[in-house]
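Down below is the structure, laid out as structure tokens.
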Amino acid sequence: MIPLLAIARNAFVESLRQPIVLVVVLLSAVVQYFNTAVSAYSMGYRNVAGEVTGDDKLLFDIGMSTVFLCGILVAAFIATAIISREIENKTVLTVVSKPIGRSKIIIGKFFGVMGATLLASALMILFLLLALRHGVLMNASDKIHQPVVLLGLAAVISALAFGAFTNYAYGWPFAQTALVSMLPLVTLAYLISLPFGPSWEFEGFAANFKPEVIKACLASLGALIVLTAVATTASTRLSQVMTIMVCLGVFILGLLSDYFVGRHAFTNDPIGLVETAQPVKPGMDTLTNPGDMYRVTFGTPLNVEVHRGDRFFYASSPDGLGMIPPRFDPPDPDLDLGRDLMPADVPPALVIFEPGDDSIVVKCIGGSPLRLDRPPEKGDWVFLEPTTVSWPALALWVTIPRMQAFWLVDAVTQAKRIPMQHVGLVLLYSVVEAGGLLGLAVLLFQDRDLG
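See below:
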């Protein structure tokens, strides 16, 4: 591990010394500030629930897009500077001539580049959080948020001044010192600005802290990890310009993969959208015990005729992805559904007990409890058949980096709660994707002519 860590550390330091990284980070800060002025066109309402409301929804959307685009540029530029340029200048021969495998070189440089990309991305996310704390200037008479502007400027200027001083006095690299010192200073500026209003009036820390926004920002880091792996893989064979084009192409393809590939992976026909769902009697809240019943109503009449004994499935997506009830065979048509206690050999399932046009009663049957993550709720799609899976489309869908999986902005703007478990799964998905891409990078570099 010692040579691997040494290569990673050297790649990390060399990446931060690239002037383009500091330029892109500062450009992101400027763009985030101007976003507060150009986002006042969504005509949204502020007196609604949610952490991001009104025109701030558009601000969050544009701001996160800025982080994504700048993150792609940072990853592509430093990956090509660390790998492609060393290959072109033959400086990588000094490392290959040592008793160090080529795979260690690629893996070490990936971790170094990823560390630098995440540091730059963390700074850009902090600038986004400062912009959200500032809010959109909806009218010409709106006052700027003095704590955000003054503290943010002070943090950036102090970091740049510290980098310039240490460069002059001690010869430290300016870009590296400025970036490393800027991260804690901007973090401190954001934390100090939270409890204060536009004119320094005290509002309280908890009132302005936005945990769902933080979760969405954490998930976005997964996309940058994947894009760093893409840049590392492309830079083993391509030049800087082509690496940037590949990163942009993978990013766009990942955004469109849900429509072109993902919607063919899972197929099902919903019969309606749940408007309300509540237990018929007290004590049936879970819908997991035999005899439990739920009344489910729909906003519009069902598009098919349902019958007593039909199977009942539900999911949060209209294509049946993430189906909640497990797959099961149709119940015996001679089975007495009105019995509270079923024979032990009857498998647990959800069936329609009382059919209707815009309201049905669902009953849990079986000789044992049914395992459900949750009962049906408003916004769920209802199905009569289990979801059909197309395995070739599914394999292609999960292979292409799904950028929509890292985009949780819509959940925040629609006032949805993001479970930390989901954020963890998103980050795990990014690690798996990056691991596959890194394996491809090692294969491409194994037989690369370096002479």
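Letter by letter, the sequence shown follows residues 2 to 452 of this note's numbering. Ideal placement from N, C-alpha and C gives every residue a C-beta, glycine not left out.
Got a sec, what are the start and stop residues for the alpha helix (DSSP H) residue i sits in?
i: Q415; result: Where Q415 is concerned, there is no enclosing alpha helix (DSSP H), given that its DSSP letter is neither H nor E.
i: K58; result: D57 to A80
i: E276; result: Unbroken run through E276 is the beta strand (DSSP E), G273 to P280; no alpha helix (DSSP H).
i: V22; result: P20 to V39
i: F210; result: From DSSP, F210 is part of no alpha helix (DSSP H); its letter is neither H nor E.
i: R238; result: Segment: none, R238 is in no alpha helix (DSSP H) and carries neither H nor E.
i: S431; result: M421 to Q447
i: E89; result: R86 to E89
What are the boundary residues of the beta strand (DSSP E) that includes residue i?
i: E355; result: A350 to E355
i: M243; result: It is not in any beta strand (DSSP E) - M243 instead sits in the alpha helix (DSSP H) that spans Q241 to S258.
i: R134; result: No beta strand (DSSP E) contains R134, which is instead part of the alpha helix (DSSP H) from R103 to H135.
i: Y315; result: F314 to A316
i: F384; result: W382 to F384
Taking residue i as the reference, give the member of the options with the closest Cα.
i: H423; options: R328, K216, T167 and S85; result: K216
i: I84; options: I107, I63, V68 and V433; result: I107
i: E434; options: D330, P420, D450 and F407; result: F407
i: L342; options: L189, L27 and P370; result: P370
i: T268; options: W392, L6, A412 and R103; result: W392
i: P291; options: I366, A176, I353 and R309; result: I366
i: L124; options: F35, V181 and A82; result: V181
i: D333; options: E378, L186, E89 and G310; result: G310
i: P271; options: Y169, S318, V187 and P376; result: S318
i: G164; options: P148, L186 and L152; result: L186
i: V297; options: L429, I419 and F313; result: F313
i: L322; options: D358, F175, W398 and A9; result: W398
i: L154; options: F166, L131, Y171 and V137; result: L131
i: Y1; options: T37, V275, V305 and N304; result: What is shown of the chain runs 2 to 452, which leaves residue 1 out entirely.
i: V413; options: R10, V32, P20 and D62; result: D62
i: F261; options: Q405, D335 and K105; result: Q405
i: Y315; options: A266, D337 and L373; result: L373
i: Y191; options: V214, P148 and E213; result: P148
i: L228; options: N11, P4, L439 and D448; result: L439
Go ahead and label residue i buried or exposed: buried means 16 or more other beta carbons lie within 10 angstroms of its beta carbon, across all protein chains shown.
i: R403; result: buried
i: G425; result: exposed
i: I158; result: exposed
i: E202; result: exposed
i: S142; result: exposed
i: K364; result: buried
i: A162; result: exposed
i: K58; result: buried
i: K110; result: buried
i: T400; result: exposed
i: I226; result: buried
i: L60; result: buried
i: D320; result: buried
i: M140; result: Before going on, a small fix: residue 140 reads as Asn here, not Met. It counts as exposed.
i: I253; result: exposed
i: E89; result: exposed
i: V352; result: buried
i: V462; result: Any property of residue 462 remains undetermined from this structure, which presents the chain solely from 2 to 452.
i: L23; result: buried
i: S200; result: exposed
i: P377; result: buried
i: G223; result: buried
i: T1; result: Within the shown structure, residues of the chain are numbered from 2 to 452, placing residue 1 beyond reach of any answer.
i: P302; result: exposed
i: V383; result: buried
i: V305; result: exposed
i: P480; result: Lying before the first or after the last residue shown, residue 480 is absent from the chain, which here runs from 2 to 452.
Tell me, which residues are paired with residue i by DSSP?
i: V157; result: Looking at the DSSP assignment, V157 forms no beta bridge with any residue, so it has no partner.
i: M459; result: With the chain covering 2 to 452 only, the question about residue 459 has no answer from this structure.
i: F389; result: The sequence shown places Thr at residue 389, rather than the Phe named in the question. Paired residues: T268.
i: F203; result: F197
i: F13; result: DSSP output for F13 lists no bridge partner at all.
i: F299; result: V275
Less than 7 Å between the CB of residue i and some heavy atom of the ligand MG, yes or no?
i: L161; result: With respect to the ligand MG, the structure offers nothing, as it holds no ligand at all.
Using beta carbons (cut-off 8 Å, strictly below), is residue i in contact with chain B?
i: W408; result: Chain labels in this structure do not include chain B; a single protein chain is all it has.
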